[in-house]
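Chains A and F are the protein sequences, given in the same order. Going by this note's numbering, 776 is the number at position 274 of the first sequence; the sequence numbering is gapless. Going by this note's numbering, 537 is the number at position 35 of the second sequence; the sequence numbering is gapless. Backbone N, C-alpha and C fix where the C-beta goes; we use that ideal spot for every residue, glycine too. No experiment lies behind these values; they were computed from the predicted model shown. Since the structure comes first, as structure tokens, the remarks are kept for the end.
2 protein chains.
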Amino acid sequence: MTIASVLRESDSAASFDLADVSAARRARVDLRLRKLLPPADAAPLPLIGAVRDICLRPGKRVRPLLAMLSSAHFGGDELAALDFGCALELIHTASLVLDDLPCMDDAIMRRGKLTLHRRFGEDTAVLAAVALLNHAYGVIAGDAMVEIETRLALVALLSETVGFRGLVAGQFRDLRDPEALRDEQTLTSLNDQKTGVLFAAAMVGGAMIAGADQAAQMRARLFANRLGLAFQLWDDLQDFVSTSEAIGKDVRKDDDRVTFVTLWGEARTRATIAETIEEALASFGDPNCPLALYVLNLFHYAGYGG
Amino acid sequence: MTIASVLRESDSAASFDLADVSAARRARVDLRLRKLLPPADAAPLPLIGAVRDICLRPGKRVRPLLAMLSSAHFGGDELAALDFGCALELIHTASLVLDDLPCMDDAIMRRGKLTLHRRFGEDTAVLAAVALLNHAYGVIAGDAMVEIETRLALVALLSETVGFRGLVAGQFRDLRDPEALRDEQTLTSLNDQKTGVLFAAAMVGGAMIAGADQAAQMRARLFANRLGLAFQLWDDLQDFVSTSEAIGKDVRKDDDRVTFVTLWGEARTRATIAETIEEALASFGDPNCPLALYVLNLFHYAGYGG
């Protein structure tokens with residue numbers, strides 16, 4: 503079974519069974535997230551309630567799974583990257599809460615329910631996001647499964663990932679850069695800052711936890727870069743073709759925006775997703791390794807082509 | 503010259519000259535902050551501009567100075583705590599930007615100019631605050647003056663300080679706890695979460711950088727606790743007696759709120775500030791050590807009794 507055939511056969515789920523590659527791992531991440539958050543009866547109750555609510559809504563947990571699979575791929579312990587992966591999920595969740603705010607995307611739905619500010623108030627949403635980002639650093643600092651030097655390197659990696667050249671810059675540019683100037687090159691760099699950087703942190707961090715050398719970390723980064731692009735293309739496509747009920751968040755929010763779908767049309771976007779995944783997987787050699795299977799599964803599970 | 507006499511003689515500045523105890527240190531912190539932030543011509547320009555604007559406005563730099571003086575007090579190098587102190591200032595600044603937001607205190611003035619969201623927009627203010635908090639962790643991770651184990655301990659300390667039991671919880675409670683329930687005990691715990699925790703992080707972190715043992719760290723924490731209370735009382739008092747021009751931020755914002763000034767009146771609040779500082783300093787032995795002189799200077803410089 504080739505990658506291309508899997509991607510073509512996206513409607514025939516019965517022809518291969520990849521679901522269990524990631525379901526058990528997602529369950530483990532969910533359990534660990536629950537444990538890493540303050541208990542439901544901790545004060546101040548409404549803030550903790552909001553934080554737990556948004557974090558524990560069902561999610562794909564892509565970043566934690568990538569971190570764990572990366573660690574295993576580079577010869578490390580998969581579970582050694584569990585807490586780091588959860589820290590990434592906390593940061594990802596914080597970024598969703600912030601992006602949804604009235605002063606940003608002003609979104610209504612997220613992960614199948616009302617956005618956090620609609621449900622708990624804007625002040626609570628802002629404080630919950632800040633607490634989540636901050637908590638991610640505490641989780642890494644306290645991660646006894648990882649060497650102290652590596653933990654510190656992970657803190658540095660995350661700060662780069664989120665900060666002035668990462669997620670924050672990406673979100674700012676997405677809000678403020680004029681639509682008229684969005685060509686392929688600008689969109690690629692924007693997508694990289696909005697999505698690619700956190701995928702890269704997952705892959706590179708996992709490799710670091712496994713003790714992989716710089717060359718391997720660079721391979722991990724290139725893989726993440728391709729995967730991030732494919733994922734963002736798929737996200738744009740979903741926004742274009744799907745319904746809010748199906749994907750649990752606002753759709754058609756890109757109607758006034760330039761995306762790869764508006765630049766290229768649906769067919770070319772689909773073709774590019776497939777090519778980009780092929781490129782990513784080709785760099786990893788064995789198309790049957792758990793990481794490759796997960797990536798195939800992810801795009802199938804996520805409804806690629808459906 | 504006793505502490506009490508200094509506090510009584512607050513109008514006769516000529517009778518003692520403490521100003522230079524902290525002026526040079528403040529200048530050093532300002533220079534270092536400027537260097538730790540992205541350069542003014544870095545992209546995305548408006549975001550970096552907002553971040554530099556709010557961080558580089560004149561401030562008292564209390565937390566950096568406490569960290570540096572704490573390190574020196576416990577036998578360490580004062581400058582070894584400079585970057586940690588700057589990280590605290592970044593976090594403090596982020597907390598001011600967030601507290602000022604329309605969905606929180608909806609403030610107009612901060613550090614002598616318009617609040618960040620009034621000047622640059624709400625989206626920019628939120629992203630600037632998040633970037634500042636996040637950058638603080640990067641600064642600590644990259645601080646070559648501090649041992650790797652200590653850096654990691656500082657990350658853990660900061661995450662505790664900001665998070666679910668620290669600044670974020672304090673701000674949430676301040677916004678949401680009913681005024682009717684604010685008695686001395688509640689206000690004390692609230693002030694501790696809003697102000698005391700970051701003073702404690704400065705003192706304890708400084709002690710950790712100096713290699714001080716647990717007992718010394720506990721003394722540092724108790725000192726910070728007293729100082730934080732005095733500082734918050736003074737802040738409440740300023741809100742009550744001062745003008746926006748004089749202190750560079752909104753005043754009378756507590757008019758509908760219960761503070762120690764409304765519970766106790768002005769005279770008792772002033773007396774308690776003096777007592778609390780005496781208690782703090784008494785725990786440190788020598789009333790002429792740089793840390794003691796700085797605290798006296800701070801309350802004089804800040805216009806205590808003026």
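Residue-chain proximity (residue i, chain F), Cβ-Cβ < 8 Å
i      : result
G561/A : no
V657/A : yes
E591/A : no
L600/A : yes
V648/A : no
V629/A : Going by the sequence as given, residue 629/A is Leu instead of Val. Chain F contact via Cβ: present.
R678/A : yes
P541/A : no
Q673/A : yes
L654/A : yes
C588/A : no
P822/A : As shown, chain A starts at 503 and ends at 808. That puts residue 822/A outside it, with no answer to give.
Reference residue i, options the options, closest by Cα
i      : options                        : result
H802/A : A776/A, D788/A, D532/A         : A776/A
D602/A : H619/A, I593/A, F586/A, E591/A : H619/A
L616/F : A631/F, T745/F, V599/F         : V599/F
D679/F : P546/A, G708/A, A596/A, L724/A : P546/A
D607/F : Q716/F, K755/F, D741/F, A627/F : K755/F
R675/F : P548/A, K537/A, A529/A         : P548/A
G551/A : D585/A, A582/A, R621/A         : R621/A
D738/A : L539/A, A769/A, V564/A         : A769/A
D579/A : E649/A, R772/A, V564/A         : E649/A
K562/F : G614/F, Y639/F, A782/F, G623/F : G614/F
Pairwise C-alpha distance: residue j and residue i
i      : j      : result
A589/A : G787/F : 43 Å
I610/F : K751/F : 7 Å
P560/F : V553/F : 14 Å
V706/A : E686/A : 26 Å
V531/A : A529/F : 47 Å
P541/F : D555/F : 12 Å
A596/A : A583/A : 20 Å
V641/A : S661/F : 9 Å
A748/A : W736/A : 14 Å
S746/A : A722/A : 33 Å
A544/A : C605/A : 30 Å
N799/A : Q673/F : 43 Å
W766/F : L689/F : 12 Å
T761/A : A525/F : 52 Å
V508/A : T697/A : Residue placement at V508/A is flagged as unreliable, the pLDDT there being 48, under the threshold of 50; a coordinate-derived value is accordingly withheld.
L571/A : R565/A : 10 Å
F518/F : L783/F : With a pLDDT of 42 at F518/F, under the threshold of 50, the modelled position of this residue cannot be trusted, and the question is left open.
L538/A : C557/A : 11 Å
Proximity of residue i and residue j at Cβ, strictly below 8 Å
i      : j      : result
L567/A : R527/A : yes
M720/F : T652/F : no
D694/A : G730/A : yes
A704/F : A569/F : yes
E681/F : R612/F : no
F733/A : V763/A : no
F586/F : D645/F : yes
V664/A : N727/F : no
A643/F : V657/A : yes
L700/F : H594/F : yes
D715/F : L677/A : no
V797/A : I779/A : yes
Any C-beta of chain A under 8 Å from that of residue i
i      : result
L635/F : yes
Q719/F : no
E651/F : yes
M710/F : no
D625/F : yes
P792/F : no
G640/F : yes
E662/F : yes
L558/F : no
G551/F : no
F666/F : yes
V760/F : no
A643/F : yes
F518/F : Low per-residue confidence applies at F518/F: pLDDT is 42, beneath 50, and the placement is therefore not dependable, though the value from the model is reported in the following sentence. With 8 Å as the cut-off, F518/F does not count as an interface residue toward chain A.
V670/F : yes
S514/F : With a pLDDT of only 39 at S514/F, under the threshold of 50, the placement of this residue in the model should not be trusted, and no figure is reported.
L603/F : yes
Problem set entry | Stretch-stretch touch, CB-based, cutoff 8 Å, three pairs: the segment 565-580 of chain F with the segment 788-800 of chain F | yes
Exercise. Is it true that the segment 625-633 of chain F meets the segment 668-679 of chain A, where meeting means three or more beta-carbon pairs spaced less than 8 Å apart?
Worked result: yes
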